[in-house]
Each structure stands twice: as C-alpha cells, then as structure tokens.
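Number of protein chains: 2
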Amino acid sequence: MSIHGSRILIISMDAPTLRDIRQAAERIRPYAHRTPVLTSASLNRMIGAHLFFKCENFQKVGAFKFRGACHAVLTLSDEEAARGVATHSSGNHAAALALAARTRGIRALIVMPKDAARVKRAAVAEYGGHIIFCEPTLASREATLAEVVKETGATVVHPYNDRRVIAGQGTVALEFIQEVPHLDSLMVPVGGGGLISGTAIVVAELSPGTRIIGVEPAGADDAFRSLRAGRRIPCHQPRTIADGLRASLGDLTFAIIKEHVDRIVTVGEEAIVAAMRLVWERMKIIIEPSAAVPVAALLERKVDLAGQRVGIVLSGGNVDLDRLPWPQAPCG
Amino acid sequence: MSIHGSRILIISMDAPTLRDIRQAAERIRPYAHRTPVLTSASLNRMIGAHLFFKCENFQKVGAFKFRGACHAVLTLSDEEAARGVATHSSGNHAAALALAARTRGIRALIVMPKDAARVKRAAVAEYGGHIIFCEPTLASREATLAEVVKETGATVVHPYNDRRVIAGQGTVALEFIQEVPHLDSLMVPVGGGGLISGTAIVVAELSPGTRIIGVEPAGADDAFRSLRAGRRIPCHQPRTIADGLRASLGDLTFAIIKEHVDRIVTVGEEAIVAAMRLVWERMKIIIEPSAAVPVAALLERKVDLAGQRVGIVLSGGNVDLDRLPWPQAPCG
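First to last, the protein sequences are chains A and B.
Using my numbering, you'd call the opening residue of the first sequence number 1 and step up by one each time.
Using my numbering, you'd call the opening residue of the second sequence number 1001 and step up by one each time.
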C-alpha cells in the first residue's frame, strides 16, 4: 500500500512529459474530436496578423475539457474504474467528466452547488452524470466530495491540477502545431492552468521558437500576480464574465507555467464581451466568454504581434443563449 | 448587335450545365472558400439520421450568395466589367455582389430601399458597394435600377434568375458530394431558387440516387404551390423570419426545379426559430433563419429520413446579434 501511495504522489506532483501527452492523444483519439483550425480574413485585417483559431468550442461537450477528463478516465485500472469518478465543479469539467465516464460505462459523481445555473445542471444530467448538491461554498463542496469518495471509493479527477488531465489538455497543442507549423506566438486563456500547462510542455519540445502567451481576465488575474511574485497568490473573489477562468492555479500548473510560459497579460470585461461578439459576427461560430479572452488581448493591443503567425485556442462554446452579455434591441 | 443580343437571350433563359458549374468552380476557386462539412452526434441522435452540414455560413460575406455573384462578375468581358455591375437587393446578394466587384476592381451599384436595416447597409458599404436608395416598393426598386443601368451601362446581376449565378451556386453541391458521397437525401432552403437549381443540376448527373428536398417557410411557399400547380405562383406578401427566402421563383429557376426537384416541404415559423437555436446550441455555429429551414423540417418530422445519410446546406450566417428571435432572460 505504501508503494502504491508513493507512486500516486509522484504521478500527481510531476508534470506530464511530451511522451505522456502523445500517449494521451492515442488514448483519446477514438472518443474526442480532432477540432478544426479556422482563419478569418477580416480579423487578420483588423489585428494586422495571421491568426489561426483552434476550435475547441467544437470539441465534445463544447470545450477542450473533454480531452483531459477523457484521458483521466481512460487511464484508470478496471478496478478503479468500477468505483467511478468524482469531482466538484459546475462548469465544463463537470460535463466533460460525466461524458468521459459514460464513454467507459462507469459512474460520474458530480458535486455541484445547489445554486448552479440550470443549463449547467442540465448539461451534466444529459451526459448521464449523477449530481450531488451541496451548499454554495468551497468548504461545503470539498466536504461533500470527501464524503462521496469515502462512501464510493470513486477516483477524484481534479479539473486541472492533475497530471493525467494536463496530459489530455496538451493534445490540443499537439494537433495545433501539427496542422499549423511555425507559429510565432500561441495565445491561451488561463484559469486553473491545465490547458496552458499542457500546451507549454508540447511547445517547449516541438516548437521552441513559439512564444506562449497566457491571457487572464483582470478580475481573475492570479496567474499574472503569481508569476510576478514568484509564488502562488490565489484569487479569492474572482469577478469576471469568463466563468471558465475563475479558478486559481494549482501547485502543479503553477510550477509548469513558471518554467515555460513567456508572458501573462490581462484584459478587461468590456474587451472580453466585445471580442466574443466580434468572433460570433465575423467567424459565425459561438464561443464562450473564456474563449474570447485571448482575442480581447489582441483587440486591446495588450500584445504587439504585428505581422506574426499567431495561434489562438478557442477553449469552449458553452453559452446560455437566453442570457447574452449584450443588450437586445426592442422588437420591430 | 443582334447576334450578341440573341446570345444573351439564350444564356439567360437556358439552364447551366454540369460543365458550366465545373467551370464556375475553377473560376471562383481563388476567391471563394471551400467550406467545411460538419456533423453533430447529438443532432444525429435527435433526428435518427446521419446528418452532414455544408457550412456556407462560413463562406465569404457569410452566405453561399458569394459564389454566384463572384462567378457572374468573373464572366464579364473586360469591356462589360469596366462599366460595373448593378442589382437591387437588401440581402446577402447585395453584399456578395459588392465584394465580388471589389475582387475584380470594378464598381457595384446596389439599389436598396431607404428603410433597409442598418446592418445590411453597413455590410454593403463595408465591401465597397455603392448604395443608391429608393422607395421601399418593388416598382421603385426596378425603376431606380433601370435608371442606374441607363446612366452607367452596368450589367445587372440578378440574385437568382441568372444562368451565371445558378452555375456559381451549383459549386456548393459539387464540393458537397465530393466530400460526402452516397447521400440519400439533400435538403436545401428555397427562396428564389438559385441554390436549389444549381444543386439539382449537379446531383442529377453526379449523384442521381440522391433525392433533393427543397424546404420553404409556410409563409413564403411559392415554390411549393407553384410545383403543385405546374405554373409559377409568386408570393406577393411573404411573411417569414427567414429573410433570405422571401423571394419568389424566377422562370429559369422554376423550370429547373420542375424538372429535377423531388419534393418541396414547408415549415412553420416557430420550428424555424427552434431549429436555428438548436444549431447554435449544439453545433456552436451561427446560422441565419433561412439556413435553419431544412433543419426545421427535420424537427417537425415533415420528411421521414430515418437512418438515411442526409446532406443539409446551411446557406448563411448573417444575423443581427442585437435582435435575436428569442427572448432574453432578465439580468442577474
């Protein structure tokens, strides 16, 4: 048991390698979409660069999160799998884990605050996830999850601070640089840091000339401040419409980001909404506010990438279509 | 001059051939996008068929209309081109002709009712079209266009009842059946009939086992009634949210449809809005109401295509994002 325990510790503390990410790509291939890369002549003109958009809004469950969750579920032993998986989340990771579990025919137990939005509950339920409601506090979420694990023996799949999850998210970059080589910069939204961590590991080895730029909402800028301070400074009261980016870095994602990420920039809320709307209007695709954050950095000229080949990960497309973040004109 | 005149007559009255459409594809290739075909597991499950969506919402100007307008502009002699092109339209054809003209470096004169929506005027202006306002009646539009032509010698490019335009629209089907062979059915929205005419000519020769199903809003069902009556019955007061489908068939498009189209079905307004919303939500792409019309026919079970391979042309994605056809929940 102690050997088993120490192996778990090493796995959960160590960053995945490029080899892990390549294995993840092989494993998830039958289940996840290889998402398309789109371009837009009008956005290129507007920004003055060659932009390439990796469309994870077209991924299963509408977000890149399916890759990491799927990989984590597929790496379980049969014995572990039989006891199911669990997490606390009300966002895309919850839906992703539910679908990933269904794919393997096992149970997903999702702890969710009882005030979670109707559409988010519906998404998890649709993919067959079993929802356990808790009070809307972090303490209640963690206590409820601990109880679920104790009762069921389910394996907790953390949304980002997990080697297997990071390896899964890294497959976005693997596909991206395969399809679009020689990117000068690659822009990625930063929440808990799973996506940018996986991206950074791939790019460091396979495309070292590509600069990685993380982008955060100014109202949830823990990665920006943590990187500057050299230690993790979690954001206790994130305020941003980009609901996928309200989480703070974990120790594992922070360590990877510190080593590999060139720069984190922050953007304001108005720019996020403007960027989201611009992508809807010009590219005819639906992206969620979190996915618009890197585009907002370009619109706000937070980075000067003039003439560059710039990759942008559009991380997801889950939006409540009944609550758009811009006003509707009166009818008629 | 009389020989020239009679050649024009034959060209405008005769349907294009498959060869014409192949030539159109060659001609427009440097300018138009080859649009992707998307699929959706959740829509497949919902409808019980294998659906393939040809995404003309990703075409230049956001609609298939660019293909026909571009082809028409490219077939002009240098002498004709020097005098420019003209049309009366307030929809996607206007924007398409403006961009097509700019592509060749010539002038596009667009007659538009003075009450046309701001976004539509803006689209034409953005692509460099020259707008001439008229009264919001068909008589005024036609008189103003005639005047423009008399003054400038510009070539009129009709939005659909034109051999060159139909040949351009036919390139959608050419790409579609190349990428997705052995379709059992192919569903196309019907307005003036340019898209379905071009589609029908391609399918009749290259994929004769594929059934072509035209879909119209019940509030603009002239093709349905015309096909049943065996003669053109224009719709004088179309009432539908699908603004791209308010036009009535021309003599040329009617003749082609009569010969080649298996069936026209009609759908209600509520189903159109529901279908549009469903595609936004599930596929994360923005389509306009006109493009949702074939999907509405599937939702309403107007056609039984269970288990079939069904192609659907998503004709465009130009929507005023400030005036969505469903209510927004109050904030908070």
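Yeah, the Cβ is synthetic: ideal placement off N, Cα and C, and Gly gets one too.
* Within its chain, find whatever has a CB closer than 6 Å to the CB of Ile106(A); leave out the 5 residues flanking it on each side and keep chain order. => Ala81 and Gly84
* Can you check DSSP and say which residues form a bridge with Lys335(A)? => Nothing in the structure corresponds to residue 335(A), since chain A is present only between 1 and 332.
* To do: Under 7 Å between beta-carbons, which chain B residues line up against Gly62(A)? List them in chain order, please.
  => Within chain B, the residues whose beta carbon sits less than 7 Å from that of Gly62(A) are Lys1284, listed in sequence order.
* Selection from Ser40(A), Asn57(A) and Ile166(A) that minimises the alpha carbon distance to His50(A) -> Nearest C-alpha to His50(A): Ser40(A).
* Asked: Just the Cα atoms here: how many angstroms apart are Lys1284(B) and Ala1086(B)?
  -> 35 Å
* Asked: Going by the CB atoms, is the gap between Gly1191(B) and Ala1247(B) shorter than 8 Å?
  -> yes
* Cys235(A) to Asp221(A) span [Cα, whole Å] -> Rounded to whole angstroms, Cys235(A) and Asp221(A) show a C-alpha spacing of 7 Å.
* Within 8 Å, strictly: CB atoms of Pro36(A) and Phe64(A) -> no
* Along chain A, which residues have their Cβ under 9 Å away from the Cβ of Phe1066(B)? -> Ordered by position in chain A, no residue passes the 9 Å Cβ test against Phe1066(B), which lies about 12 Å from the chain.
* Comparing the C-beta of Asp1322(B) with each C-beta of chain A, is any distance below 8 Å? -> yes
* **Cross-chain neighbours of Gly1168(B) in chain A, by beta carbon under 8 Å** => Those within 8 Å of Gly1168(B) in chain A number zero; the least Cβ separation is about 19 Å.
* Tell me whether His1158(B) is buried or exposed, calling it buried when 16 or more other Cβ atoms sit within 10 Å of its Cβ. => buried
* Asked: If you scan the stretch 1174-1252 of chain B from start to end, which runs of the alpha helix (DSSP H) of 4 or more residues do you find wholly inside it?
  -> For secondary structure counted as the alpha helix (DSSP H) over 4 or more consecutive residues, the stretch 1174-1252 of chain B holds these complete runs in sequence order: 1194-1206 and 1222-1229.
* Asked: In angstroms, rounded to a whole number, what distance separates the CA positions of Glu142(A) and Leu305(A)?
  -> 42 Å
* Asked: Of all Cβ atoms in chain A, is any one closer than 8 Å to the Cβ of Gly982(B)?
  -> Chain B is shown from 1001 up to 1332; residue 982(B) falls before or after that span and cannot be answered.
* Simplified DSSP assignment, three categories, for Ile1131(B) -> strand
* Asked: Interface residues of chain A around Glu1281(B) at Cβ under 7 Å?
  -> Leu321
* To do: Check the C-beta distance from Ile312(A) over to Phe52(A) and give it rounded, since I have them as a contact under 8 Å.
  => 7 Å
* To do: Tell me whether Leu305(A) sits in a helix, a strand or coil according to DSSP, three-state version.
  => coil
* Using the C-alpha atoms, what's the distance from Pro217(A) back to Pro294(A)? -> 9 Å
* When the Cα atoms are used, what is the spatial distance from Leu1252(B) to Arg1282(B)? -> 37 Å
* Kindly list the residues whose CB is nearer than 8 Å to the CB of Trp326(A), restricted to its own chain and excluding five residues on each side of it in sequence; keep chain order. => Val273 and Arg277
* Note down, in chain order, each residue of its chain lying with its Cβ closer than 7 Å to the Cβ of Ile11(A), except the 5 sequence neighbours on either side. => Caution applies to Ile11(A), whose pLDDT of 35 falls short of 50 and renders its modelled position unreliable; the model cannot decide the point.
* Grab me the residues of Pro1289(B)'s own chain with a C-beta within less than 6 Å of its C-beta, minus the 5 sequence neighbours each way, in chain order. => Ile1241, Ala1242, Ile1272 and Met1276
* Can you tell me whether Ser1207(B) is buried or exposed, with buried defined as 16 or more other CB within 10 angstroms of its CB? -> By the 10 Å Cβ count, Ser1207(B) comes out buried.
* To do: Go to Val1148(B), then tell me how far its alpha helix (DSSP H) extends in each direction, as first and last residue.
  => Leu1138 to Thr1152
* **chain B contacts from the stretch 40-52 of chain A (Cβ-Cβ distance under 7 Å)** => none
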